[in-house]
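Chains as they are written, first to last, in the working numbering: chain A, 1 to 372; chain B, 1 to 372; chain C, 1 to 372; chain D, 1 to 372.
Take a look at the structure:
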């Protein structure tokens with residue numbers, strides 16, 4: 001069962017509410033003897049943390065992670081390593097502004113989980129969205145940092161490839177640019193243009209959606225399972241668990257609906273050394289199993305539902321209300337979803353890496369032909 | 001773990017290869033005392049079965065399902081009911097043409113799982129695609145027929161809403177039309193136009209992709225779970241396990257990336273009797289939990305990789321080959337994916353229905369306001 | 001979830017009722033390229049099958065197993081192998097005597113699951129015990145035959161070590177004797193004595209309990225997990241799922257309650273080549289992880305509840321009844337539980353073998369000291 | 001998968017090492033709107049906590065639990081309740097004496113998990129036993145306190161019924177006596193006698209085993225599942241995960257091997273108001289499903305492996321060593337296992353309560369006859 005856990009062999013469970021004392025997760029199934037310290041995790045958390053630019057929420061959270069278990073430094077060793085036991089991570093919440101929540105307490109904000117939680121549970125921690133807050137995603141980034149250690153050869157790249165209606169120019173795509181602008185945008189020209197566009201959105205008290213692309217290179221072929229443990233199915237489930245995601249594609253995605261079989265064919269060649277494909281419409285996966293091509297996914301994030309602009313709704317008593325959110329919110333939650341998408345990619349791959357290893361006892365990094 | 005199983009409380013496991021003696025599934029977790037006979041299942045299988053029109057594969061499979069366990073007719077009762085024990089279903093394969101498979105045995109067909117299976121397992125049943133054949137989806141339809149019995153009030157509608165580049169006209173959408181044309185198309189005018197279009201594709205030895213929409217009405221609010229057991233995450237995982245699916249959307253899906261928060265807001269009103277929403281961009285789910293609005297998903301199916309048109313590839317020895325598929329194949333696998341999509345929707349909802357019932361002990365069919 | 005499935009990475013799901021058309025199972029997670037034919041499985045089924053001596057039920061079931069999926073003989077190979085896809089096994093029921101079940105239909109037989117099933121499900125297939133019949137254990141033996149292929153070096157031995165109050169003499173224990181008598185008894189002298197004892201029980205219309213011991217040799221050290229995936233916990237769960245089992249021990253078991261720490265200590269020595277223990281009170285497992293010592297478990301089976309001797313009970317209407325079972329039953333179900341216990345041991349070990357392989361990528365067959 | 005988690009619908013995951021900064025657990029699947037505060041949990045922790053008498057370890061741990069998530073006090077309510085989200089619990093370790101661990105670092109103590117962990121993981125946190133320490137069981141007690149809230153009508157009683165070779169006198173069994181002596185012994189006379197016996201053991205630098213009995217009354221009939229989700233199988237798995245447990249019995253347990261079917265029969269009567277059984281050899285479960293009779297289990301605990309008395313062993317380099325444990329240890333770990341056994345009983349029942357509710361939508365507290 002998976003209410004608050006994800007993964008099978010590499011499995012993590014998150015806990016915590018936005019305005020509770022802390023958030024945390026337990027990572028179970030990490031192999032032993034992997035070097036791991038808080039700074040390995042902090043590095044990734046810092047990329048997601050709020051308040052980095054005027055385009056993200058101004059909540060100030062240092063997001064300092066503590067490792068509470070599962071690592072050990074034997075006095076014979078020069079480094080701290082994982083022991084194979086569960087790794088407990090915790091981040092204390094610091095900037096939960098205490099205030100009067102009586103408004104949000106009764107209102108059902110459109111696009112938010114308020115009414116759904118209230119219906120399901122009959123009670124909800126309404127402070128800052130409680131459990132449904134995107135604050136939970138910090139723990140995905142933390143767990144993802146550990147997952148990366150299991151698949152050290154895999155390179156994961158991600159960025160915003162569309163902000164509202166504005167797409168990047170694929171001719172300018174350069175993943176190295178992602179950390180050079182406040183949008184994790186791999187196209188520096190688009191990133192420049194987006195600044196004034198998003199400023200406009202923000203000043204109007206609005207918010208906007210985005211599309212994020214995540215690419216994993218050097219994925220060993222053979223990861224995945226044929227029917228219900230498909231790598232692409234698990235990947236889409238993973239991305240769809242991220243707050244505000246409304247669509248997921250693999251490879252050519254929705255465009256493949258318009259393709260003929262001939263357009264879509266990724267023809268294969270073998271040059272005596274390397275398996276090559278004419279294209280990557282498959283996005284790195286065939287029949288649910290990785291092929292060694294880059295694993296490519298994109299997901300759509302809806303605009304932040306919290307805005308200064310008023311919207312009509314009801315409260316828990318069925319009365320009409322006007323909802324205006326004055327708190328600190330991201331004008332585009334899609335931006336901070338980039339490190340989260342990377343983390344979920346790493347988590348899915350680490351899990352399938354271990355699952356593959358269970359079956360075959362080892363993982364071949366490359367395909368090679370049979371001897372005749 | 002989920003190699004060949006799907007679901008948690010309502011869980012089914014499929015088995016069988018395209019050209020083996022039979023295919024089957026075991027459905028576990030179905031409550032007892034539900035009336036169930038083979039004809040309940042056969043009805044749905046007949047809609048998916050091959051050879052129904054010139055637009056689907058000409059393989060002749062009667063797809064007659066047998067129930068081997070899990071039902072009983074007490075001699076005090078007038079009907080056969082489920083007993084709460086596993087329901088085993090089997091369909092014997094009839095029209096597996098015996099032939100020389102030596103060609104397909106060595107070739108890696110682009111877009112097919114051949115190379116991925118060979119890499120992962122080192123051996124594969126290449127006859128008709130073996131386990132990776134869409135023949136497996138018959139068992140999803142069978143399991144889905146049982147799932148529907150758990151959620152009898154839910155109405156599931158599905159159809160092809162785009163064939164290649166040709167979309168339906170939403171103004172003409174009428175789900176009742178779906179069974180009146182060979183495309184499961186809810187727009188009768190488009191269905192007419194698609195006939196000649198798909199004939200053309202077929203005559204050119206090509207294939208084409210499609211987009212399928214599945215809508216569930218009367219979904220009780222409260223189904224789902226907040227973070228990793230999200231209803232939409234499970235739904236996207238379910239759809240992504242269907243052969244050839246490359247993308248999944250919920251509600252406004254990818255379009256929501258272009259929306260502002262104001263465009264996207266589904267405003268709520270309560271008229272004293274019924275909760276109403278101004279729109280359904282959310283697709284019936286907020287924070288991973290159903291709201292009572294129709295649950296809406298769309299998925300993209302790539303064109304059939306098997307075509308008469310030749311494509312370049314390699315064989316298992318790394319040698320270049322030209323692949324031409326002369327067998328009986330669907331020019332658009334998307335068409336027969338419609339009953340499969342319906343079935344997966346039913347399966348996800350039945351599972352979450354039971355999961356919800358576990359937590360709250362009952363399922364309210366509608367939201368109602370609190371008394372002040 | 002595990003209503004009708006067992007195991008994680010090596011996982012099997014059984015289905016079928018005692019008097020339904022067939023029983024079967026689906027084995028998922030078996031690695032590929034393992035030679036497997038029906039005769040590999042039949043060999044073990046024949047040891048469990050009814051009607052082998054006057055001490056087991058006289059129901060005549062040939063128990064012929066069919067493999068319906070998951071194996072393939074590539075025409076380049078001389079043998080049939082597993083493909084990594086689910087293996088579906090089926091045995092048709094042959095000797096379900098049609099008769100008037102109206103008696104058993106309403107009665108709640110003491111010691112049987114009748115009342116519990118009726119309470120839980122409100123309906124039950126009462127013919128021959130339906131799903132609660134020990135007939136289900138045939139599929140465990142079948143699944144176990146496949147599990148053995150994953151751990152080919154492990155030797156599993158099992159036998160009845162106590163029949164009613166009569167224990168074997170440990171000084172005469174010889175596992176090779178197990179197949180030389182109708183009791184799977186490893187002590188030939190005891191076996192001889194048990195014949196007249198059990199004849200007496202049978203002729204009085206009674207039944208009797210037994211204790212079975214199962215030993216696995218050559219278990220690689222390191223299998224298991226520290227806290228809730230303990231090898232001994234999984235083993236006891238496995239044994240306790242066998243019909244009529246009321247107790248499970250590992251190693252010294254209940255006797256260890258009477259030991260001092262000194263009595264109980266299995267002291268270790270290393271002779272430069274092999275790790276040795278002064279004793280095996282631990283039964284081959286420490287902290288939930290195998291040590292390389294023989295894995296030893298014993299389980300107690302209660303006497304068959306079906307007897308000719310009348311017992312008092314009630315029917316579904318709360319009326320008093322006298323229950324007499326005239327059908328074909330085992331005077332000691334413990335006997336036929338021996339191959340079932342072996343199978344469950346193999347299944348638990350195969351699952352943990354794969355789980356261990358997932359984490360470490362390989363399985364060392366022996367412990368060896370670190371270099372200083 | 002279940003390395004460090006237990007349960008399905010009510011599921012908890014523990015983390016932490018004996019001498020790390022803290023131990024904790026995450027409880028997932030607890031229904032909402034259940035009153036819960038730290039004192040509800042602390043009450044049970046205090047019964048297990050070390051240093052309560054001279055018969056338990058002298059380590060001083062206040063074991064103060066903190067709830068970090070999953071509860072909320074809406075300002076409209078007078079009490080704090082669960083919200084349906086994961087409940088994170090943490091206990092800081094206080095009395096981890098810093099000392100030179102170089103001895104224990106290299107030694108493999110007989111009866112301890114040292115060599116098994118080292119073999120499996122290649123590294124281990126040897127301080128105080130690390131993850132294999134019984135300190136982990138504090139979190140079971142904490143999770144169990146929450147589980148009890150899901151089954152408020154069930155009464156769980158437990159105690160030591162055998163200390164070394166000394167059994168209680170069943171004629172004097174009185175569960176109310178359990179908290180009146182340092183042994184959780186339900187026989188006050190035996191408790192008195194055990195004092196001097198255990199003092200003797202302790203003074204000799206030895207340790208001793210024990211048998212614990214756990215009884216749950218008012219268990220609703222119908223909990224459990226027929227084949228692999230059997231209530232008794234899950235119960236035995238649960239008990240067998242407790243440190244040092246070597247055997248588990250249900251009802252008559254191993255004694256049932258000596259019974260005839262007639263001896264063993266629990267005859268049923270219905271007095272128009274209540275279902276009665278002539279005995280409870282079944283221990284409250286038939287066919288894996290509860291009958292409404294008290295659920296009875298017993299488990300055997302081996303003697304503490306850590307003693308002052310020296311034992312022979314080897315170190316990680318294969319060298320012979322003599323092991324003497326001078327630390328603070330329980331002369332009989334069985335004593336403090338009593339609250340742990342109660343907790344595991346509560347956890348198994350809460351999980352099955354939710355599982356049953358999932359299938360039938362409600363839980364009947366009593367069996368009643370059908371109307372004719």
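Every residue gets a Cβ at the ideal spot worked out from N, C-alpha and C, and that includes glycine.
A quick note: this is a predicted structure, and the numbers were derived from the prediction, not measured.
Does the beta-carbon distance from residue i to residue j come in below 9 Å?
i	j	result
residue 81 (chain A)	residue 46 (chain A)	no
residue 26 (chain D)	residue 26 (chain A)	yes
residue 269 (chain A)	residue 314 (chain B)	yes
residue 23 (chain D)	residue 135 (chain D)	yes
residue 210 (chain B)	residue 157 (chain B)	no
Since residue i meets chain B, which of its residues come closer than 9 Å, beta carbon to beta carbon?
i	result
residue 219 (chain D)	Those do not exist, as residue 219 (chain D) stays about 17 Å from chain B at its closest Cβ, beyond 9 Å.
residue 362 (chain C)	What residue 362 (chain C) touches in chain B: nothing, since even the nearest Cβ is about 17 Å away.
residue 101 (chain A)	What residue 101 (chain A) touches in chain B: nothing, since even the nearest Cβ is about 17 Å away.
Could you tell me if residue i is buried or exposed, where buried requires 16 or more neighbouring beta carbons within 10 angstroms of its beta carbon?
i	result
residue 43 (chain C)	exposed
residue 317 (chain B)	exposed
residue 264 (chain B)	buried
residue 371 (chain B)	exposed
residue 234 (chain B)	buried
By the criterion of Cβ-Cβ separation under 7 Å, what are the contact partners of residue i in chain B?
i	result
residue 162 (chain A)	257
residue 264 (chain A)	111, 302, 303
residue 69 (chain C)	15, 16, 17, 20
residue 317 (chain A)	369, 370, 372
Note down, in chain order, every chain D residue with its Cβ under 7 Å from the Cβ of residue i.
i	result
residue 357 (chain B)	357, 358, 361
residue 120 (chain C)	222, 289
Along chain A, in chain order, which residues have C-beta atoms closer than 8 Å to that of residue i?
i	result
residue 108 (chain B)	268
Run down chain C in chain order and give the residues with a C-beta less than 9 Å from the C-beta of residue i.
i	result
residue 74 (chain B)	105, 123, 124, 125, 126
What does residue i reach in chain B if we use C-beta pairs closer than 8 Å?
i	result
residue 3 (chain A)	225, 226, 227, 228, 229
residue 33 (chain C)	121, 122, 123
residue 354 (chain D)	358, 359
Run through chain D and tell me which residues come within less than 9 Å of residue i, C-beta to C-beta.
i	result
residue 312 (chain C)	265, 267, 268, 269, 278
Since residue i meets chain C, which of its residues come closer than 7 Å, beta carbon to beta carbon?
i	result
residue 88 (chain B)	15, 16, 24
Segment contact, 8 Å Cβ cut-off, at least three pairs: the segment 359-370 of chain A with the segment 347-366 of chain C: Yes, the segment 359-370 of chain A touches the segment 347-366 of chain C.
Against chain E: residues of the segment 9-24 of chain B by CB proximity under 7 Å: Looking for chain E here will not work: the only protein chains present are A, B, C and D.
Cβ contact (3+ pairs, closer than 8 Å) linking the segment 277-286 of chain D and the segment 294-304 of chain D: yes
Contact between the segment 338-353 of chain C and the segment 298-307 of chain D (3+ Cβ pairs under 8 Å): no
Three or more C-beta pairs below 8 Å linking the segment 240-250 of chain B and the segment 95-115 of chain A: Not touching, per the Cβ criterion.
Segment contact flag, the segment 115-124 of chain C with the segment 217-227 of chain D, C-beta cutoff 8 Å, min 3 pairs: yes
Validate contact between the segment 134-154 of chain A and the segment 181-191 of chain A using beta carbons, cut 8 Å, 3 pairs: no
Segments assigned alpha helix (DSSP H), at least 4 residues, entirely inside the segment 140-221 of chain B: 188-203
Beta strand (DSSP E) runs contained entirely in the segment 3-33 of chain D, provided each spans 3 or more residues: Scanning the segment 3-33 of chain D for uninterrupted beta strand (DSSP E) segments of 3 residues or longer gives 11-16, 22-28, listed from N- to C-terminal end.
Uninterrupted alpha helix (DSSP H) stretches inside the segment 66-143 of chain A (no shorter than 4 residues): The segment 66-143 of chain A contains these whole alpha helix (DSSP H) runs: 102-106, 114-121.
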